[in-house]
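Just below is one structure, and these are the notes that go with it.
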Amino acid sequence: MRLPWRLGLALLLALTSRATGQDIPLEVEQLPTITAQTSGSVIAFPVEDTFTMRCEAKGNPTPKYRWTKDGQDFDPSQDSRIKTEEDSGGFVLQGKYLTLFQGRYRCYAYNKLGTAMSEETQLIVPAVPKFPKEKLKPIEVVEGQPVVLKCDPPEGVPPRQIYWMSIGLQHIGQDERVSMGIDGNLYFSNAVEKDSRKDYCCFAAFSAIRTIVQKTAMSMIVKSLKPDGQLNDTEAGEAISTPGRIPSLLTPPGVQSEVHLVKGEELELECIAEGFPTPVVEWLKLGEKLPMRTNVKNYGKLLTIPGMAEEDEGKYVCKARNSVGEAVHYFDVLVEEPPSWLSGAPKSQLALIGEDVHIKCTATGKPKPAIVWRRNGQPLDDALITRSQVFEDTIVLHNARPEDSAVYQCEASNRHGTILANANIMVMNMPPVILSKGYQEYGAVRGGDVVLVCTVFGSPPPSISWKRLDTGAAVEGRERFSISQNGSLTINRAKKDDIGEYVCLATNTEGTSAITASVEVKEPTRIVQPPKDLEVLCGTNAKLECQVEYDITLMRDYKLVWTKDGKRVPVAFTEESRYFVDYGTLNIVNVNQSDEGRYTCTATTSLDQDTASATVTVLDVPDAPEDLELSERKTRSVRLTWVPGNEHNSSVSEFVVEYEENQWVPGKWRQLQRVPGNQATVVLELQGHLNYQFRLYAVNAIGEGPPSGPTERFKTFPAAPDKNPENIRIQGHLPHQMDISWDPLLPVEHNGPGLEYKLSYRRLGVEDGWREHLVKRHSFSVKDTPTFVPYEIKIQSRNSHGWGPEPKVVTGYSGEDVPTAAPRDVAVELVNTTLLRVSWSRVPQATVRGHMGGYNVHWTRRWSLLQPDRLQEEKYSLSFPGNRSHVLVPGLRPYSEYRLTVNVFNRKGNGPSSDPVTFQTPEGVPEQVPILTASNAQSDCITLVWAPPFQAHGILTGYLLQYQPVNETLDVGDLREVKISGSDTTQWLLRGLQGASLYRLHLSACTQEGCGPALSQEASTLTLARSAGLQDTISTQGWFIGVMCAVAFLTLAALAACFVHRNKGGKYAGTPPPPLPDMPSSDPVKEKEDLNPDEESQGGNEDTCEYSDKEPLKGSLHSLGGGGGSEDSLVDYADGEGTFDEDGSFIGVYSGHKQRGSVDEADVEAPVST
């Protein structure tokens, strides 16, 4: 019969209930609703200053409050020790009075319509836990018997932890035989003699209140089974032993127990058994395996399962076994739940007069919760019960009336807790009330959304519609227009066409109401130039741009705000401020690490806003490393460990370890070691006998960071030197002396006091013993040595603690002297008119008496074969490094006679010269004519005048004249030539030319060897008519002939003066000539490059040569020019395309291109001298 009744109730609820859960605005009268409260059990400590009991509610009229404490009325305002809150029903308890106000509290909020009730709150004020003062008698137990030391810890604020320790705070050892139970007692399965002691202490620790309390120490005496006269354990074992005993459980008592716990809690089952031998505990679950979450602790005596669920229910068994027998205990584990709402708490309802109202309160739990109903905080009265139906979880109000309006409370409880719900039931009829203001103006941005609010209340709930005022057309159903459940009109993607007035109309069965609102559409706010991410160096300035476009009519409300990581940037136009905004751009002056972060500019108007963000990353040198620590200290090494500082967005590439010692240079920090940036520890190898301290700094791409603080001092022990002197130098400044010097050890390398050096030397290659000297300086001179003989030298350091490592042997020579022998068999071979190959026999090495520097070649141009009666004596020299037997001498002049000698040189000086060799150079081609002029141009001829070349390089045989026409496009015609015989000819009338034409003329001087380089000139012929006129005029003017003769005479005089001046001799002057071209030019000055090597380079460089006219080791090849000196070198020839053949001869630049074994002398240049 019960099932049909419940089905009928369900149908009744489904068919007759029309009440709604509509929210009632506070502008309308309504029942109280509690919005905040203190609920459940709360613990307050007397040490706290205050404790607040909260109770807040809303309603119309404004609710008032009353309280109950432990079921009795309680008025906080009547107690001077309590402070009430004016804007709510809460009150504040003073900490020192908290103990007096422990109990269960409930708050009631009421107005004329009804009363709401809060959940019950239990205020717990714990006292300081204490063990009772007691005098405990010693506990006596026979060996092998069980014993339990009871703790009985006091209650207190959880969590609570129990410890067993001695008076000296040493933990009591626990194992399978001795263990503490979850009740805090100490259990002994069987006592042994060593358990006897007088200071068993139980400690209870309460971490929440930071309190530890101690129970009075207990004494336990274990009586031995040995006879009184037994002397040792061996004899006792033979006489008596502890009898075996079947296990029995010390806890829990009995064979079976029932365990109730709430779902989600942790299950703890404990079995501690006594017996001899000590029992072993085993756990199992009847009918199935133990859950996977099972943990066994306390030497197998405690079983725990976290997060218990219904499927974990069942019968658990513990078995305690030993060799004598076993004991068993069964646990019936039941998992239960506190009350909870099955389908949510009862809802507040707004009902019409005459409707049926159903208040449903369905709760679940285990055990099943009991339901208690109240109305306005009081039990249901008989009158209500008569007019309504009250079921176990439902109240039905038939034909509801306004007086049925009330707060109905439903409370569901079982042994695990209580839940409470207030349901506000309002029974009323009301015409629509529009709570929004009329004639409200709404703004929108083009493309944005705008919401026109129309908050309406009525009973029954009104229907709401919107229309345009100007057209009267309804907007519902139109694209972009929608009406929400709360009556608001939303216009999506607003357009300019949406500007106008709108009417909200609310209607129900009780009446109608309306309001008007207007809409304006503006241009949207947009950030057109957003800020960009920046990486900025610390100490520099940063700029973040934010350019905005917005509707000009909203200018009054426009604001641009900059924030950093959500906090507003303190912008100000003062000298102290580092932030200022200029036309939307945020300027950050003197950036530091605090400026790093995410910056956002927000452009806001009254209608919309736009935001843009950028990240500022501050780059800086790394911070100093911290927490420097020295470890692994040894006699000569120590490990340094540190914690790197902030890298400031640039990875550390390395750490630099520095040291300071206070013996030699106190206060000065010097670099010791570099460590890769991915390491934070290093072993430092150190010198001996120093008192170190260390620091380090980090390096990244920005630079070096500041150094860390110094470590403590670390002193190394004295030791023998680790190294010997380096850079040993052996020199011979005098012929019979050897000077030895070296780089001394630095003071920090001494490794101990008393540093000195042992210098050892002996002749190389002869039976000679080491000669030794102990010196403290870093140089030594060996006297009376043979000239330039090899020696072996070694230098070893030592101090008061021993010798340094075995030194390396170096070789050097004693002092040098000038060479004694001259080269023999000197021979010369002309390669061409300007290049000479010189060969000789090398001098014996013994006669060099020093380091071979090379050979000097000296030659003198005695005269030109054109003028054998004019002695010139032009002197030249070249130095050739290395021990060689032939060289190439460049720069000779054709058709001249020379005398040549050779000598060897070393670092000390020059040896004697060889016997002189005399030779002559053949004819060559002449130089370029110095001047060529064209005059007296006619329609078919031109007169040419020139001067002979300065250097004919032979006997002039005549001149070669070449000419060719040039048209208007600069194209040239066929080349024609005229051979002019006679060395004295200096003018020529060129005939057979075309009138009014341009000609290019080339003139070369010639000898039997050929013609030299040409000098070019351009000249034009006249038209026929003009030529005739000029001819008549000039032919009749005698003065013209005189003038032409004078011009020719002056030209020849100027050329003669230049020739005389040039032949006065001298070296190259001014800027050195340009480098040699790939092919030799016809300009003799450009044939060589300037070089002025020092004496050291002459002796040691095998690839250079020098020549001079004065000094034996430094010379120059005299050439055209005056004034200052310049020296030429064969290095340039060797570096160019010229090369040395296999016998060391130089060919290429000076020899030119050979054909059929001959030399083209036209391509060879020679220095010019007088």
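FYI, the numbering for the sequence shown is 3 to 1172, going by our numbering. C-beta atoms are modelled at their ideal positions from N, C-alpha and C, and glycine is treated no differently. The structure presented is a predicted model; accordingly, all values stated were derived computationally and were not measured.
Option in the options with minimal Cα separation from residue i
i     : options                : result
D314  : V330, A347, G266       : G266
P720  : V750, N969, C540       : V750
C153  : G705, T492, M182       : M182
P1174 : E758, L546, C540, S520 : The shown model of the chain, from 3 to 1172, leaves out residue 1174, and the question about it has no answer.
V927  : T920, G767, S762, N834 : N834
C320  : E338, V298, V980, V326 : V298
V49   : M55, I26, P78, L100    : L100
A423  : T37, G256, N62, G445   : T37
V591  : T542, E481, D584, N912 : T542
G705  : I427, E899, N651       : N651
E157  : I169, P134, L454, W564 : P134
V435  : A544, R448, T457       : T457
P892  : W772, P128, W861       : W861
R851  : L880, Y897, L832, P788 : P788
I126  : E925, F47, N912, P1015 : F47
Y759  : P737, K370, A722, D770 : A722
Q595  : V618, T606, Y581       : V618
For residue i, three-class secondary structure by DSSP
i     : result
D1175 : With the chain represented from 3 up to 1172, any question about residue 1175 goes unanswered, as that position is not in the structure.
K1066 : Caution is warranted here: a pLDDT of 44 is assigned to K1066, below 50, making its placement in the model unreliable, and the coordinate value is therefore given only provisionally. DSSP places K1066 in coil when its eight states are reduced to three.
F133  : coil
L894  : coil
A614  : strand
K497  : coil
Q847  : helix
V791  : coil
T1185 : Here the chain comprises residues numbered 3 to 1172, so residue 1185 is not present and cannot be evaluated.
L507  : strand
S881  : strand
T280  : coil
M557  : helix
V392  : strand
F103  : helix
K85   : strand
D584  : strand
G97   : helix
E272  : strand
A954  : coil
D1130 : With a pLDDT of only 39 at D1130, under 50, the local geometry of the prediction cannot be trusted, and no value is derived from it.
Q80   : helix
L386  : helix
K196  : helix
V149  : strand
Cβ distance (whole Å) where residue i is taken to contact residue j below 8 Å
i    : j    : result
G367 : S342 : 6 Å
V1   : A408 : No information on residue 1 is available, as it lies outside the stretch 3 to 1172 that the chain covers here.
L454 : A519 : 5 Å
G707 : Y699 : 5 Å
heavy atom of the ligand GDP below 7 Å from residue i C-beta
i    : result
E598 : This structure lacks the ligand GDP, and indeed carries no ligand of any kind.
Self-check item: Cβ contact (3+ pairs, closer than 8 Å) linking the segment 571 to 580 and the segment 622 to 633
Solution: no
Practice problem: Run through the segment 661 to 685 for me and flag every whole beta strand (DSSP E) of 3 or more residues, listed as ranges in chain order. | Solution: 672 to 678
Quiz item: If we count Cβ pairs, one from each stretch, closer than 8 Å, do we get three or more for the segment 820 to 840 versus the segment 802 to 809?
Solution: no
Quiz item: Are the segment 714 to 730 and the segment 807 to 815 touching by the rule of at least three beta carbon pairs closer than 8 Å?
Solution: The segment 714 to 730 is in contact with the segment 807 to 815.
Quiz item: Does the segment 959 to 968 come within contact of the segment 998 to 1009, defined as at least 3 CB pairs closer than 8 Å?
Solution: yes
Quiz item: How do the segment 139 to 150 and the segment 75 to 93 stand: do at least 3 beta-carbon pairs fall below 8 Å, yes or no?
Solution: no
Quiz item: Counting pairs of beta carbons, one from the segment 551 to 559 and one from the segment 521 to 529, are three or more of them closer than 8 Å?
Solution: yes
Exercise. Enumerate, from N- to C-terminal direction, the unbroken beta strand (DSSP E) stretches of 3 or more residues contained entirely within the segment 676 to 743.
Key: Every unbroken stretch of the beta strand (DSSP E) spanning 3 or more residues and falling wholly within the segment 676 to 743 is given here in chain order: 683 to 687, 693 to 702, 728 to 733.
Quiz item: Is the segment 187 to 204 touching the segment 113 to 125 in the sense that three or more CB pairs, one from each, lie closer than 8 Å?
Solution: no
Self-check item: Contiguous beta strand (DSSP E) assignments of at least 3 residues, all confined to the segment 890 to 942
Solution: 898 to 908, 919 to 922, 934 to 937
Quiz item: Within the chosen definition, does the segment 967 to 985 reach the segment 915 to 930 through at least 3 CB pairs nearer than 8 Å?
Solution: no
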